[in-house]
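These protein sequences, in sequence, are chains L and P. The first sequence lines up with residues 1 to 112 when you count with the working numbering. The second sequence lines up with residues 1 to 114 when you count with the working numbering. Every residue gets a Cβ at the ideal spot worked out from N, C-alpha and C, and that includes glycine. Single-structure report; data block below.
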Amino acid sequence: DAGITQSPRHKVTETGTPVTLRCHQTENHRYMYWYRQDPGHGLRLIHYSYGVKDTDKGEVSDGYSVSRSKTEDFLLTLESATSSQTSVYFCAISDSSDYEQYFGPGTRLTVT
Amino acid sequence: DAKTTQPPSMDCAEGRAANLPCNHSTISGNEYVYWYRQIHSQGPQYIIHGLKNNETNEMASLIITEDRKSSTLILPHATLRDTAVYYCIVTRGVLVQGAQKLVFGQGTRLTINP
Numbered sequence: 001d002a003g004i005t006q007s008p009r010h011k012v013t014e015t016g017t018p019v020t021l022r023c024h025q026t027e028n029h030r031y032m033y034w035y036r037q038d039p040g041h042g043l044r045l046i047h048y049s050y051g052v053k054d055t056d057k058g059e060v061s062d063g064y065s066v067s068r069s070k071t072e073d074f075l076l077t078l079e080s081a082t083s084s085q086t087s088v089y090f091c092a093i094s095d096s097s098d099y100e101q102y103f104g105p106g107t108r109l110t111v112t
Numbered sequence: 001d002a003k004t005t006q007p008p009s010m011d012c013a014e015g016r017a018a019n020l021p022c023n024h025s026t027i028s029g030n031e032y033v034y035w036y037r038q039i040h041s042q043g044p045q046y047i048i049h050g051l052k053n054n055e056t057n058e059m060a061s062l063i064i065t066e067d068r069k070s071s072t073l074i075l076p077h078a079t080l081r082d083t084a085v086y087y088c089i090v091t092r093g094v095l096v097q098g099a100q101k102l103v104f105g106q107g108t109r110l111t112i113n114p
């Protein structure tokens, strides 16, 4: 299995509070991605990174920001969490546009 | 990216071959067919991908029709641990600097019965 971890694995937070999710890889892969998964919507891309300090938006990026200061870490921040951001968040990594993506175990976030 | 159509659910007996179909009639010439699966509460897992030729690895076989408008994922000897949602994704979706765009639909919920 690819060396990819996510922390925390579960979090409950209140509306309006900031939240940061961490994705950590030990594979030295270039690309990292954040997805969210909601019932009826499948997985949707939030943000992705193609190198240190190089990031771009996905299809559902509103309300989220990301940072990548090291190859191995990709952080997803909810500046002010809302109930609509209650979801399961998955991080993925890949080494090439033609190669498979490896997914982390997910973080279940509940915003009350 | 081409749209895919998969049956919402399928059943298969343990030990038998599971054949999961996927229609992608609008696929373009440079788009790959990827298959992932997601076992309950876990992250998606890559299974196999192909462009034109049939492919086989230790997990499964991928059969792509000659016109590339449909494909079949074959799990040759299904076990209970193969119970999962299977996603067929057609993409050549390259984002900035070669990052890959995967668009997940609803997939097929495969249940392996003892």
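| Item | Value |
| --- | --- |
| So, using beta-carbon positions, are His49/P and Tyr34/P closer together than 8 Å? | yes |
| Indicate the three-state DSSP secondary structure (helix, strand or coil) for Gly107/P in the structure shown. | coil |
| So Asp56/L contacts chain P; which residues on that side make the cut at Cβ distance below 7 Å? | Leu95 and Val96 |
| Mind checking if His49/P is an interface residue toward chain L, Cβ cutoff 8 Å exclusive? | yes |
| Given this structure, state the Cα-to-Cα distance separating Glu66/P from Ala99/P, to the nearest angstrom. | 28 Å |
| According to DSSP, which residues form a beta bridge with Pro21/P? | Thr72/P |
| Taking Cβ positions, are Leu110/P and Tyr86/P nearer each other than 8 Å? | yes |
| Check whether the stretch 28-45 of chain P and the stretch 51-70 of chain L touch, using three or more Cβ-Cβ pairs below 8 Å as the test. | no |
| Should the stretch 2-16 of chain P be regarded as contacting the stretch 95-110 of chain L, the criterion being three or more beta carbon pairs within less than 8 Å? | no |
| Near Asn19/P, what residues of its chain come up, given a Cβ to Cβ distance below 6 Å and the 5 sequence neighbours on each side ignored? | Thr72 and Ile74 |
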